[in-house]
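J.: For the sequence shown, counting from 1, position 136 maps to 136 in full-length UniProt numbering; every step adds exactly one.
We put the beta carbon where it would ideally sit given N, CA and C, even for glycine.
The structure that follows is given in the form of structure tokens.
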Amino acid sequence: MPSPFFTSPVHEFELGKFVAFKEVPARVTTILDQIRLSKLGDVVPARDFGTAPIDRVHSLAYRTYLKHAYKDWCDRGGNPEGVFPDVFPVRVAGNLRRWGKGDDSSDTAQKFSYTADGGLGGSAGYYCFDMTGVITDGTYEAAYAAAQVALTGAELLVQEKQHAVFSLCRPPGHHAHSDICGGYCFFNNAAIATRYLSEKLKVGKVAIIDIDYHHGNGTQDIFYSESNPLYVSLHAALDYPYYWGSEVEVGENEGEGFNVNVPLKLGTRDEEYVAALKEVLDTRVAPYNPDCVVVSLGVDTFVNDPIGAFFLTTPVYTEIGRLLGSLQRPTLFVMEGGYAIPDIGVNVTNVLHGFESRFPAQS
Numbered sequence: 001m002p003s004p005f006f007t008s009p010v011h012e013f014e015l016g017k018f019v020a021f022k023e024v025p026a027r028v029t030t031i032l033d034q035i036r037l038s039k040l041g042d043v044v045p046a047r048d049f050g051t052a053p054i055d056r057v058h059s060l061a062y063r064t065y066l067k068h069a070y071k072d073w074c075d076r077g078g079n080p081e082g083v084f085p086d087v088f089p090v091r092v093a094g095n096l097r098r099w100g101k102g103d104d105s106s107d108t109a110q111k112f113s114y115t116a117d118g119g120l121g122g123s124a125g126y127y128c129f130d131m132t133g134v135i136t137d138g139t140y141e142a143a144y145a146a147a148q149v150a151l152t153g154a155e156l157l158v159q160e161k162q163h164a165v166f167s168l169c170r171p172p173g174h175h176a177h178s179d180i181c182g183g184y185c186f187f188n189n190a191a192i193a194t195r196y197l198s199e200k201l202k203v204g205k206v207a208i209i210d211i212d213y214h215h216g217n218g219t220q221d222i223f224y225s226e227s228n229p230l231y232v233s234l235h236a237a238l239d240y241p242y243y244w245g246s247e248v249e250v251g252e253n254e255g256e257g258f259n260v261n262v263p264l265k266l267g268t269r270d271e272e273y274v275a276a277l278k279e280v281l282d283t284r285v286a287p288y289n290p291d292c293v294v295v296s297l298g299v300d301t302f303v304n305d306p307i308g309a310f311f312l313t314t315p316v317y318t319e320i321g322r323l324l325g326s327l328q329r330p331t332l333f334v335m336e337g338g339y340a341i342p343d344i345g346v347n348v349t350n351v352l353h354g355f356e357s358r359f360p361a362q363s
């Protein structure tokens, strides 16, 4: 199984210039060290569930592209630092879907799907919505491994009747659509685990609670027409990914009313965040009465996070965990964002400790 410690791209594009890439292996090592220090539970390796659960969320054309894109890019003289698209068809923002979803039946997908003899220039932008979805040597393997970590967590949660499992995934996933990467995300780990919980493990109703600073546009899009799962996101208004996350995005068809966005102002502080989380748990999640919860756990809400603009402090993450634990449901935590390396481990473990406090140790 590939390691989550794979090397990152060197640069990402931000405000018209190349800057140091922020989604780095130290995120995982810092969290893992703190998990072990905190003695929260056993650290176990991931199992390999193959590609079938991934293909229940992502199109085969997209997965094939991710698998071969870097080699093809380099073979054609592309910068070996990574695949950087420079042309993007606008096919996911709002209702601009004339390019199709990129599934295997779409004529446009057939035109732009990866083929061994050409088309990468079009595919690179077709399968990516921004310039942080940089594909390098090992990206596919790392994204595949992250999905297996999430699936292992789902399996442990149900088969071993745990009240909580934490899947330390890298790269993160909640910005990945069924056929589009971006925001450091390639496979949507939380969505893959959720689909597996529902279809394979037959858990019944699932609620996804996304507490990353950024809206989980990929997760929303994947489940937008479905009533199971319920998707709830607390995130920054007027920030990345910009074109998703409004309160008016409530789902469509069977999914209408099952997509809940709670955009919060820039500069949100502890008390405001806790109040918003408590309200949405009480008014939307608890009445849904889920059999299982998946938490997209991002701690880029932290005051010192380099790409966030909330002012949450380290102690409040314990209270966030307590609130999530108040649902008293088996819960899978799937790691998403958080880029303040010195603090990320403590912030994550505080959430988990807070959650655990709602489940007294059995004698």
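1. Tell me whether Lys-161, by its Cβ, gets closer than 7 Å to a heavy atom of the ligand COA.
2. Which residues does DSSP pair with Ile-135 in a beta bridge?
3. If you run the structure through DSSP and keep just helix, strand and coil, what is Cys-74?
4. Does the beta-carbon distance from Ala-124 to Ala-52 come in below 8 Å?
5. Just tell me which of Leu-157, Glu-81 and Gly-182 has its CA closest to the CA of residue 399.
6. Would you call the CB atoms of Leu-277 and Ile-320 closer than 8 Å?
7. With a threshold of 16 other CB atoms inside 10 Å of the CB of Gly-77, please say whether the residue is buried or exposed.
8. For Gly-100, which three-state DSSP category applies?
9. CB-CB under 6 Å to Val-87, same chain, minus the five flanking residues each way: which ones, in chain order?
10. By DSSP, does Ala-191 sit in helix, in strand, or in coil?
11. Starting from Phe-234 and walking both ways along the beta strand (DSSP E), at which residues does that stretch end?
12. Between the Cα of Tyr-240 and the Cα atoms of Ser-357, Glu-336, His-175 and Thr-314, which residue gives the shortest distance?
13. Give every residue of the same chain whose Cβ lies closer than 6 Å to the Cβ of Asn-189, excluding the five residues on either side of it in the sequence, and list them in chain order.
14. For Val-10, count neighbouring C-beta atoms within 10 Å of its own C-beta (all shown protein chains included) and say buried if the count is 16 or more, exposed if not.
15. Can the beta-carbon of Arg-358 be found less than 8 Å from the beta-carbon of Ser-326?
16. For Asn-347, which option in Asp-305, Ala-361, Trp-244 and Tyr-224 has the closest C-alpha, if you only look at C-alpha atoms?
17. With a cut-off of 8 Å on the beta carbons, I'd call residue 379 and Val-293 a contact; round off their distance for me.
18. In the DSSP output, which residue or residues are listed as bridge partners for Ser-167?
19. Checking 8 Å against the spacing of the C-beta atoms, do Gly-308 and Tyr-213 come in under that value?
20. Is Ser-106 helix, strand or coil when you go by DSSP?
21. At the level of alpha carbons, what is the spacing between Ala-340 and Ser-178?
22. Express the C-alpha separation of Phe-84 and Lys-161 in angstroms, rounding to a whole number.
23. Looking only at its own chain, which residues have a Cβ that is under 6 Å from the Cβ of Val-351, when we skip the five neighbours before and after it?
24. Rounding to the nearest angstrom, what Cα-Cα distance links Lys-101 and Lys-200 in this structure?
25. Figure out for me which residue from Asp-210, Pro-360, Val-232 and Gly-267 has the closest Cα to the Cα of Leu-238.
26. Taking Thr-152 and Arg-47 to be in contact with their CB atoms under 8 Å, please state how far apart those CB atoms are, rounded to whole angstroms.
27. Start and end of the beta strand (DSSP E) containing Phe-355?
28. State buried or exposed for Tyr-231, treating a residue as buried only when at least 16 other CB atoms are found within 10 Å of its CB.
29. Tell me which residue opens and which closes the beta strand (DSSP E) that Asn-261 is part of.
30. If we count the other Cβ atoms within 10 Å of its Cβ and call it buried at 16 or more, is Asp-75 buried or exposed?
31. Within 10 angstroms of its Cβ, does Gln-220 collect 16 or more other Cβ (buried), or is it exposed?
32. Starting from Asp-239, trace the alpha helix (DSSP H) both ways and give me its first and last residue.
33. In whole angstroms, what separates the C-alpha of Glu-81 from that of Val-280?
34. Which value, in whole angstroms, describes the spacing of the CA atoms of Gly-218 and Tyr-224?
35. What does the Cβ neighbour count give for Gly-50, buried or exposed, with the cut at 16 atoms within 10 Å?
36. How close, in whole Å, do the beta carbons of Ala-193 and Ala-154 come, if the pair is a contact with beta carbons under 8 Å?
T.: Well, looking at it:
1. Absence of the ligand COA from the depicted structure is noted, as is the absence of any ligand whatsoever, leaving it without description.
2. Partner(s): Val-83.
3. Note: Cys-74 maps to helix in three-state DSSP.
4. For Ala-124 and Ala-52, no; Cβs fall outside 8 Å.
5. For the chain, the structure presents residues 1 to 363; residue 399 sits outside this window and is missing.
6. Against a cut-off of 8 Å, the Cβ pair of Ile-320 and Leu-277 comes out as a contact.
7. So Gly-77 ends up on the exposed side.
8. Annotation note: pLDDT 41 at Gly-100 (below 50); position unreliable, coordinate value reported separately. Secondary structure at Gly-100: coil, using DSSP grouped into helix, strand and coil.
9. Excluding the 5 residues flanking it on each side, Val-87 has same chain C-beta neighbours closer than 6 Å at Gly-125, in chain order.
10. When secondary structure is reduced to three states using DSSP, Ala-191 falls in the helix class.
11. First, the amino acid is wrong: residue 234 is Leu here, not Phe. Per DSSP, Leu-234 belongs to the beta strand (DSSP E) from 230–236.
12. Considering only Ser-357, Glu-336, His-175 and Thr-314, the residue with the shortest C-alpha distance to Tyr-240 is His-175.
13. The beta carbon of Asn-189 sits closer than 6 Å to the beta carbons of Ala-146, Ala-147, Ala-150, Cys-169, Gly-173 and Val-334 from its chain, once the five residues preceding and following it are set aside; these are given in chain order.
14. Per the 10 Å Cβ criterion, exposed.
15. Going by C-beta atoms, Arg-358 is nearer than 8 Å to Ser-326.
16. Answer by Cα proximity: Asp-305.
17. Only positions 1 to 363 of the chain appear in the structure, and residue 379 is not among them; the question remains open.
18. DSSP, once it has assigned bridges, lists Val-334 as partnering Ser-167.
19. It is a contact, given that the beta carbons lie within the stated cut-off.
20. Only weak support exists for where Ser-106 lies, its pLDDT of 49 falling under 50; the value from the coordinates is given anyway. Coil at Ser-106, not helix or strand.
21. Distance from the CA atom of Ala-340 to the CA atom of Ser-178, rounded to whole angstroms, is 29 Å.
22. Near 43 Å, if we compare the C-alpha coordinates of Phe-84 and Lys-161.
23. Excluding positions up to five away in sequence, the list reads Tyr-317, Ile-320 and Gly-321.
24. For Lys-101, the predicted model reports a pLDDT of 46, less than 50, meaning its position is unreliable; a value from the coordinates is still stated below. Lys-101 and Lys-200 have their C-alpha atoms roughly 25 Å apart.
25. Comparing Cα positions, the closest option is Gly-267.
26. Rounded to whole angstroms, the Cβ separation of Thr-152 and Arg-47 is 5 Å, and the two are in contact under 8 Å.
27. Per DSSP, Phe-355 is not a residue of any beta strand (DSSP E); the alpha helix (DSSP H) it occupies stretches across 341–356.
28. Buried, since its Cβ has 16 or more Cβ neighbours within 10 Å.
29. First-last of the beta strand (DSSP E) with Asn-261: 259–264.
30. Asp-75 is classed as exposed because its beta carbon has fewer than 16 other beta carbons within 10 Å across all chains shown.
31. By the 10 Å Cβ count, Gln-220 comes out buried.
32. Where Asp-239 is concerned, there is no enclosing alpha helix (DSSP H), given that its DSSP letter is neither H nor E.
33. Looking at the two C-alpha atoms, the distance is approximately 42 Å.
34. Between Gly-218 and Tyr-224, the C-alpha separation is close to 10 Å.
35. Residue burial is scored here from C-beta neighbours: Gly-50 has fewer than 16 other C-beta atoms within 10 angstroms and is therefore classed as exposed.
36. Rounded, the Cβ-Cβ distance is 4 Å, consistent with contact.
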